[in-house]
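Residues in the sequence shown are numbered from 651 upward in steps of one, following this note's numbering.
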Amino acid sequence: MAASDPDCLFCKIVAGEIPATIVAEDDRTIAFMDINPATRGHALVIPRAHARDVHEIDSEDLKAVAASAQQLAARQRARLGADGVNLINSNGPAAWQTVFHFHMHVIPRYEGDPLKLPWVPSQGDMQDIAATGAELAR
Ligand code: 5GP
Ligand code: ZN
651 MAASDPDCLF CKIVAGEIPA TIVAEDDRTI AFMDINPATR GHALVIPRAH
701 ARDVHEIDSE DLKAVAASAQ QLAARQRARL GADGVNLINS NGPAAWQTVF
751 HFHMHVIPRY EGDPLKLPWV PSQGDMQDIA ATGAELAR
């Protein structure tokens, strides 16, 4: 059983204690839709094992997160018509991290989209997120 922090939001998603639109999973990682999407299809990849940031994450978990993010980026291109992708990982409040369980943002980009980084999160349309998640799911 992977290490878990009872106070961690993303550990609760891993445990199925709070709902998420999961689009991919493997032994070490899960990927799910961000509830405040920067663009259509914005997803997060996390290790199942709790680790606060890049300093704490097991290196095999980091590799698994990278591999999962790569697969998801390919699906964003193939299924959502993404023209580009930003992989973003923030570590520490000074670097804009707000949820302290390591995560990689996989943000599809569309030619001419209005996104400016860093983005200001705002609540997405849950039906739209679920529908996009279904398009992305393995
Ligand atoms: P950070 O700012 O730490 O790099 O990113 C945290 C991300 O987690 C944000 O993009 C935020 O929208 C997302 N997030 C926060 N709470 C939840 C949640 O309960 N469910 C999901 N799916 N995403 C969340
Ligand atoms: Zn956690």
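Note that the Cβ used here is the ideal one computed from N, Cα and C, for glycine as well.
All values reported here derive from a predicted model rather than from experimental measurement.
Per-residue DSSP class, three states only, for residue i
i: Ala787; result: coil
i: Leu717; result: The amino acid at residue 717 is misidentified as Leu; the sequence shows Ala. Of the three classes helix, strand and coil, the one that applies to Ala717 here is helix, per DSSP.
i: Glu675; result: strand
Alpha-carbon spacing of residue i relative to residue j, whole angstroms
i: Ala653; j: Asp703; result: 14 Å
i: Ala736; j: Gly666; result: In the sequence under discussion, the amino acid at residue 736 is Asn, which differs from the Ala named in the question. Taking the straight line joining both Cα atoms gives about 27 Å.
i: Ala674; j: Pro758; result: 16 Å
i: Asn739; j: Met754; result: 5 Å
i: Asp778; j: His705; result: 35 Å
When the options are compared against residue i, the one with the closest alpha-carbon
i: Ser718; options: Ile707, Val756, Gln777 and Asp655; result: Val756
i: Thr724; options: Ile779, Leu786, Leu765 and Asp657; result: Going by the sequence as given, residue 724 is Ala instead of Thr. Closest by alpha carbon: Leu786.
i: Cys658; options: Phe752, Leu767, Met776 and Ala780; result: Phe752
i: Pro687; options: Asp676, Thr671, His700 and Pro771; result: Pro771
Outcome for residue i when other beta-carbon atoms lying within 10 angstroms are tallied against a minimum of 16
i: Arg698; result: buried
i: Asp711; result: buried
i: Val715; result: buried
i: Ile707; result: buried
i: Asp801; result: An answer regarding residue 801 cannot be provided, because it is not within the stretch 651 to 788 covered by the chain.
i: Val749; result: exposed
9 Å Cβ cutoff, residue i in contact with chain C
i: Ala732; result: Judged by its chain identifiers, the structure shown contains no chain C, having just a single protein chain.
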